[in-house]
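**Student:** This is the structure, below, for whatever I ask next.
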Amino acid sequence: MIESTKNSKQYRSFAEDYLVPTITQLAVNLDDEKQWKSLNYAVQQHTRSNDSSVRYVTLKTMMMTYQRLGEPYLVLLPETIPFLSELMSDSNAEVEKLANQFVKFLDSLLGEEKSISSYF
3 MIESTKNSKQ
13 YRSFAEDYLV
23 PTITQLAVNL
33 DDEKQWKSLN
43 YAVQQHTRSN
53 DSSVRYVTLK
63 TMMMTYQRLG
73 EPYLVLLPET
83 IPFLSELMSD
93 SNAEVEKLAN
103 QFVKFLDSLL
113 GEEKSISSYF
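Adding 2 to a residue's 1-based position in the sequence shown gives its number in our numbering.
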């Protein structure tokens, strides 16, 4: 991920307009579990950035990728949970709110018989 510039709003706008869709489309085009794993891990490393804008954009990227790829991408859920767990108690309220929305989305993707909430 591109690290945040001094202007956080400008960074988020750029990232949400260009970076998030580009990385998501890359995952769609890869269509290979091994390559997804490498990309997923590389993206998730940015959830540990000191900059909340970077964490927010990274979470948006993760969420959009799961939305676009759906059930086949759930093979990476066990690797995603530790990063998502950290974001659910983030110091930034926007990041924490988006993390909780992501969990709700993943629950809906998993279906009624399974829930991601049991991992937290």
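Just so it is clear, CB atoms sit at the ideal spot from N, CA and C, and this is done for glycine as well.
Where in the region 74-119 do unbroken runs of the beta strand (DSSP E), each at least 3 residues long, occur, reported from the N-terminal end onward?
**Tutor:** For the region 74-119, not a single whole beta strand (DSSP E) run of length 3 or above is found.
**Student:** Can you grab the Cα-Cα spacing for the pair E88 / G72, in whole Å?
**Tutor:** Cα to Cα, E88 sits roughly 22 Å from G72.
**Student:** In the structure shown, what three-state DSSP assignment does S54 receive?
**Tutor:** Three-state DSSP puts S54 in a helix.
**Student:** Please list, in chain order, all residues of the same chain as Q46 whose beta carbon is under 8 Å from its beta carbon, the five residues on each side excluded.
**Tutor:** Answer for Q46: T60, M64, E81, T82, F85, listed in chain order.
**Student:** Could you tell me which of D34, D19, S54 sits nearest to L100, measuring between CA atoms?
**Tutor:** Considering only alpha carbons, the answer is S54.
**Student:** Does the beta-carbon distance from V105 to S91 come in below 8 Å?
**Tutor:** Taking 8 Å as the Cβ cut-off, V105 and S91 do not qualify as a contacting pair.
**Student:** Under a Cβ-count criterion, where at least 16 other Cβ atoms within 10 Å of its own Cβ denotes burial, should S117 be classed as buried or exposed?
**Tutor:** By the 10 Å Cβ count, S117 comes out exposed.
**Student:** Taking the straight line between their C-alpha atoms, what separation do you get for D109 and Y13?
**Tutor:** Each residue's alpha carbon lies about 30 Å from the other.
**Student:** Quick one, which of D34, R57, S40, K39 has its alpha-carbon nearest V22's?
**Tutor:** Minimum Cα distance to V22 is reached at R57.
**Student:** When you compare each of A95, A29, K62 to F16 by their alpha carbons, which one comes out closest?
**Tutor:** Per the Cα distances, K62.
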